[in-house]
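J.:
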Amino acid sequence: MRVFTTVIGLWVWAATTFGQATPAPTATDPLYVHNPPIRLVYGSRSERHRADRRTVKDAHQRMARLLTDAGIPFIRITDRDVERRGLPGGRIAIYPHNPHMTKAEVNRLIRFMDRGGKVIAFYSVPPSLTEAMGIRQIGWRKAKHADELHTIAFTDEVERGYPQSILQNSWNMQQAKPIGDAAQVVGWWRSRGGKKGQPAVLRSARGQFITHILTHGDNAEKQRFILASLVSLDRAIAHQLVNAHMQHATAPLHNGDLEAHIALFVDHLTAQQKADIASHVHKAKDDLASIAEPSSPAAPLEVARTLDVIGSATRHIQRARMLAYPKWNTPYRAMWCHDARGIPGWTWEQSAKYLADHNINMVFVNMLWGGRAYYPSDHLPPADDLPESADYLRDCLAACKKYGIELHVWKVNFNLHGAPRKFVERMRREGRLQTDKRGKELPWLAPSHPANFKLERDSMLEVVRKYDVAGIHFDYIRYPHANADYSAVARKRFQLDIASLPTSRKPTYQQWREDQVSRLVEAVSRGSRRIKPHVKISAAVFGDYPKCRTNVGQDWQLWAERGWVDFLCPMNYTENIHDLTKWTTHQRAILPNDFPLLPGVGITASNSRLSPAQTADQLMTIRVLGANGFVLYQFNPQTAAVHLPALRLGVLTDQ
Numbered sequence: 032m033r034v035f036t037t038v039i040g041l042w043v044w045a046a047t048t049f050g051q052a053t054p055a056p057t058a059t060d061p062l063y064v065h066n067p068p069i070r071l072v073y074g075s076r077s078e079r080h081r082a083d084r085r086t087v088k089d090a091h092q093r094m095a096r097l098l099t100d101a102g103i104p105f106i107r108i109t110d111r112d113v114e115r116r117g118l119p120g121g122r123i124a125i126y127p128h129n130p131h132m133t134k135a136e137v138n139r140l141i142r143f144m145d146r147g148g149k150v151i152a153f154y155s156v157p158p159s160l161t162e163a164m165g166i167r168q169i170g171w172r173k174a175k176h177a178d179e180l181h182t183i184a185f186t187d188e189v190e191r192g193y194p195q196s197i198l199q200n201s202w203n204m205q206q207a208k209p210i211g212d213a214a215q216v217v218g219w220w221r222s223r224g225g226k227k228g229q230p231a232v233l234r235s236a237r238g239q240f241i242t243h244i245l246t247h248g249d250n251a252e253k254q255r256f257i258l259a260s261l262v263s264l265d266r267a268i269a270h271q272l273v274n275a276h277m278q279h280a281t282a283p284l285h286n287g288d289l290e291a292h293i294a295l296f297v298d299h300l301t302a303q304q305k306a307d308i309a310s311h312v313h314k315a316k317d318d319l320a321s322i323a324e325p326s327s328p329a330a331p332l333e334v335a336r337t338l339d340v341i342g343s344a345t346r347h348i349q350r351a352r353m354l355a356y357p358k359w360n361t362p363y364r365a366m367w368c369h370d371a372r373g374i375p376g377w378t379w380e381q382s383a384k385y386l387a388d389h390n391i392n393m394v395f396v397n398m399l400w401g402g403r404a405y406y407p408s409d410h411l412p413p414a415d416d417l418p419e420s421a422d423y424l425r426d427c428l429a430a431c432k433k434y435g436i437e438l439h440v441w442k443v444n445f446n447l448h449g450a451p452r453k454f455v456e457r458m459r460r461e462g463r464l465q466t467d468k469r470g471k472e473l474p475w476l477a478p479s480h481p482a483n484f485k486l487e488r489d490s491m492l493e494v495v496r497k498y499d500v501a502g503i504h505f506d507y508i509r510y511p512h513a514n515a516d517y518s519a520v521a522r523k524r525f526q527l528d529i530a531s532l533p534t535s536r537k538p539t540y541q542q543w544r545e546d547q548v549s550r551l552v553e554a555v556s557r558g559s560r561r562i563k564p565h566v567k568i569s570a571a572v573f574g575d576y577p578k579c580r581t582n583v584g585q586d587w588q589l590w591a592e593r594g595w596v597d598f599l600c601p602m603n604y605t606e607n608i609h610d611l612t613k614w615t616t617h618q619r620a621i622l623p624n625d626f627p628l629l630p631g632v633g634i635t636a637s638n639s640r641l642s643p644a645q646t647a648d649q650l651m652t653i654r655v656l657g658a659n660g661f662v663l664y665q666f667n668p669q670t671a672a673v674h675l676p677a678l679r680l681g682v683l684t685d686q
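Numbering (the working numbering), first residue to last: 32 to 686.
Below, the structure is given as structure tokens:
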């Protein structure tokens with residue numbers, strides 16, 4: 032075991048010292064010697080619009096990641112750059128989500144298209160721009176139901192290199208149609224059940240319009256969609272783009288990265304694993320040997336065939352890499368699931384079986400919030416999207432028990448997101464909501480209000496009384512930010528609480544805020560242990576201790592030391608292995624030696640999107656740093672389809 036740990040430690044040292052940067056493209060590729068012809072345009076004007084700035088930045092970063100991971104060279108510019116100078120040297124401009132374009136910027140783009148440039152625009156651009164592309168927008172529309180805008184299908188475009196479909200799970204769209212024969216529909220919306228809907232992707236000789244932003248997930252197919260879109264619009268650069276994509280995708284074979292990765296763990300692999308790895312490496316090399324350089328300009332069918340072979344080689348390389356990771360047979364192999372239904376479209380029977388088949392033995396399912404529940408509750412109103420007489424908690428528990436999975440019921444504390452309107456209005460009338468220092472109302476319950484304390488405590492203990500769950504799980508067990516809570520009830524309770532204390536024992540307001548949160552953790556813990564001593568108590572917490580005490584009143588070190596929680600799950604969501612190492616090392620150091628630490632790994636979190644290999648790298652890192660297990664965020668269609676099968680090859684293998 033000592034030798035094995037040392038090997039992993041050497042791997043972590045290498046990863047943190049040298050990083051995991053993508054190999055640089057070769058200098059012989061003309062797209063890298065000169066200015067890349069692709070411009071990715073950031074909508075900087077959206078920074079002044081609170082409602083849009085986060086989604087605009089997120090869409091831009093997502094597109095940049097997809098382009099980078101596909102080996103597609105590009106230059107980032109801003110909307111102000113376009114307005115001032117146009118797009119000199121550019122041939123294709125990509126607008127991932129730019130809702131605040133000016134008339135001057137649109138006019139620049141129209142002149143750019145008049146000179147032969149192409150524009151790929153998503154969702155939010157002005158109608159005047161798409162009109163110039165031969166595409167008419169006919170109005171915004173919200174999805175009729177959660178599964179209506181599930182995928183975009185490209186059935187008739189596969190021979191041009193497009194994927195069969197891309198997963199979206201979109202929530203709204205811009206309706207659009209071709210203007211006469213100026214454009215054509217190349218992608219259609221389809222529901223989860225496969226029903227064909229409205230146009231999703233429209234292409235003309237001047238550009239392409241996609242009626243929603245690209246959402247998270249299904250990255251490999253979305254990379255192919257972007258590459259095929261670029262090639263279809265500008266065949267003259269097709270062979271350069273395909274060559275760049277091939278060099279990027281297959282670099283691990285050529286630069287020795289894959290060989291070094293396998294060699295590090297080779298002594299701990301079974302004979303069958305070694306044989307499987309060798310087979311995948313051999314198949315990847317055979318695929319690459321069969322690729323001929325595309326002609327210039329490349330025909331769409333030629334590009335499609337080349338992409339298929341590159342995709343095959345890439346999959347073999349990825350499988351070889353995932354097979355080499357050593358198994359982590361920890362008793363804490365968990366996932367968060369934010370959807371009380373499990374995977375949308377599946378029953379809990381299907382979801383639980385899938386988790387068990389992939390060696391996940393714990394699941395934290397979000398069954399209740401500050402103002403709603405997904406089961407019949409005596410304390411909280413039913414969620415608006417909970418069907419009458421439904422009990423998702425009952426269904427989930429039965430399925431988890433059948434397949435040997437621990438169910439830990441996850442509560443979002445205090446937060447009233449998604450609560451029925453009448454319930455929120457009642458909380459407002461009763462003075463039970465938080466405010467910031469300026470008196471602005473926040474949609475959170477005030478922890479210091481006695482009725483809120485009782486509601487939070489009783490709703491969690493209700494789960495323990497009514498259901499035979501393995502655990503209860505705190506989340507958002509804090510204030511929303513450092514500027515809360517300064518409501519009338521909080522100020523009044525603070526004065527009452529300190530009135531009888533001597534000056535030497537009077538807490539600061541900051542300490543008092545922490546106490547309001549901690550007393551709920553203590554009360555739930557003591558109550559649960561009286562009802563069912565075996566039920567485990569845990570919390571998802573901010574990883575930046577002790578900063579989280581000052582900012583949001585969350586003193587989770589105290590909870591561990593007092594025995595109020597059985598384990599903690601710091602949300603260590605990052606794509607940076609250095610940050611993960613720093614955070615996990617600190618967390619392990621400040622907790623008791625025998626206290627279980629289960630860091631959260633953000634596969635599909637708002638600030639981290641990890642590939643299967645990155646996920647495995649992070650699991651190895653926290654393992655050697657003393658973590659007792661892990662929680663993956665989160666169980667959804669993307670992680671079920673991509674990450675769990677890949678992790679099952681190595682980290683979560685049976686072998």
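No residue lacks a Cβ here, since even glycine has one placed at the ideal position from N, Cα and C.
Taking only three categories from DSSP, how would you classify Gly248?
T.: coil
J.: Can you tell me which of the three DSSP states Leu650 falls into?
T.: helix
J.: Tyr510 and Val583: beta carbons closer than 7 Å?
T.: yes
J.: Under 7 Å between the Cβ atoms of His128 and Phe105?
T.: no
J.: Straight-line CA distance for Gly287 to Asn360?
T.: 29 Å
J.: Ends of the alpha helix (DSSP H) at Met204?
T.: From DSSP, Met204 is part of no alpha helix (DSSP H) but of the beta strand (DSSP E) over 203 to 209.
J.: From the DSSP output, which residues share a beta bridge with Asp506?
T.: Val443
J.: Identify every run of the alpha helix (DSSP H) within the segment 433 to 494, keeping only runs that are complete inside it and at least 4 residues long; order them along the chain.
T.: 452 to 460
J.: Can you tell me whether Leu683 is buried or exposed, with buried defined as 16 or more other CB within 10 angstroms of its CB?
T.: buried
J.: At the level of alpha carbons, what is the spacing between Arg167 and Lys305?
T.: 56 Å
J.: For Tyr664, write down the residues that DSSP places opposite it in a beta bridge.
T.: Residue pairing from DSSP places Tyr664 in a beta bridge opposite Trp367, Gly633.
J.: Can the beta-carbon of Asp467 be found less than 7 Å from the beta-carbon of Ala515?
T.: A contact, by the Cβ cut-off of 7 Å.
J.: According to DSSP, simplified to helix, strand and coil, what is Asn624?
T.: coil
J.: Hey, is His480's beta-carbon within less than 7 Å of any beta-carbon in chain B?
T.: Absent from the structure is chain B; it holds one protein chain and no more.
J.: What does the Cβ neighbour count give for Asn638, buried or exposed, with the cut at 16 atoms within 10 Å?
T.: Classification of Asn638: exposed, given that the 10 Å Cβ count is below 16.
J.: Mind checking whether Tyr15 and Gly681 have CB atoms under 7 Å apart?
T.: The displayed coordinates of the chain run from 32 to 686. Any statement about residue 15 would go beyond what the structure contains.
J.: Where does Ala124 fall in DSSP's three states?
T.: strand
J.: Would you kindly report the start and end of the unbroken beta strand (DSSP E) that includes Phe153?
T.: 149 to 153
J.: Suppose you measure from the CA of Asn607 to the CA of Leu289; what does that come to, to the nearest Å?
T.: Each residue's alpha carbon lies about 20 Å from the other.
J.: Pick helix, strand or coil for Gly117, following the three-state DSSP scheme.
T.: coil
J.: Could I get the ranges of all uninterrupted alpha helix (DSSP H) runs contained in the segment 534 to 597, with 4 residues as the minimum, in chain order?
T.: 540 to 562, 578 to 583, 587 to 593
J.: Give me the residue from Arg580, Val340, Ile634, Ala658 with the minimum Cα distance to Lys613.
T.: Checking every option, the nearest Cα to that of Lys613 belongs to Ala658.
J.: Would you mind reading off the limits of the beta strand (DSSP E) that contains Gln349?
T.: Careful: Gln349 lies outside any beta strand (DSSP E), inside the alpha helix (DSSP H) at 331 to 355.
J.: Are the CB atoms of Gln588 and Thr635 nearer to each other than 7 Å?
T.: For Gln588 and Thr635, no; Cβs fall outside 7 Å.
J.: Since Ala571 and Asp506 are thought to touch, with beta carbons under 8 Å apart, how far apart are those beta carbons, to the nearest angstrom?
T.: Here Ala571 really is in contact with Asp506; their C-beta atoms are around 4 Å apart, less than 8 Å.
J.: Are the segment 70 to 89 and the segment 108 to 115 in contact at 8 Å, needing three or more beta carbon pairs?
T.: yes
J.: Kindly identify the DSSP beta-bridge partner or partners of Ile197.
T.: Ile183
J.: In angstroms, rounded to a whole number, what distance separates the CA positions of Cys368 and Thr99?
T.: Approximately 29 Å, taken between the alpha carbons.
J.: Give the DSSP-derived three-state secondary structure of Thr378 in the structure shown.
T.: coil
J.: In the DSSP assignment, what are the bridge partners of Cys600?
T.: Ala571
J.: Where do the N-terminal and C-terminal ends of the beta strand (DSSP E) with Thr86 fall, by residue?
T.: Per DSSP, Thr86 belongs to no beta strand (DSSP E); it is in the alpha helix (DSSP H), 81 to 100.
J.: Report the CB separation of Thr615 from Asn624 in whole angstroms; it is logged as a contact under 8 Å.
T.: 15 Å between Cβ atoms; not a contact.
J.: Whose C-beta lies closer than 8 Å to the C-beta of Ala135 among residues of the same chain, with five residues either side of it excluded?
T.: Glu114
J.: Quick check on Ala236: buried or exposed, where buried means 16 or more other Cβ atoms within 10 Å of its Cβ?
T.: exposed
J.: Do the CB positions of Ala82 and Gly192 come within less than 7 Å of each other?
T.: Between Ala82 and Gly192, the gap from beta carbon to beta carbon reaches 7 Å or more.
J.: In chain order, what residues of the same chain lie with their CB nearer than 6 Å to the CB of Arg544, ignoring the 5 residues before and after it?
T.: Gly584
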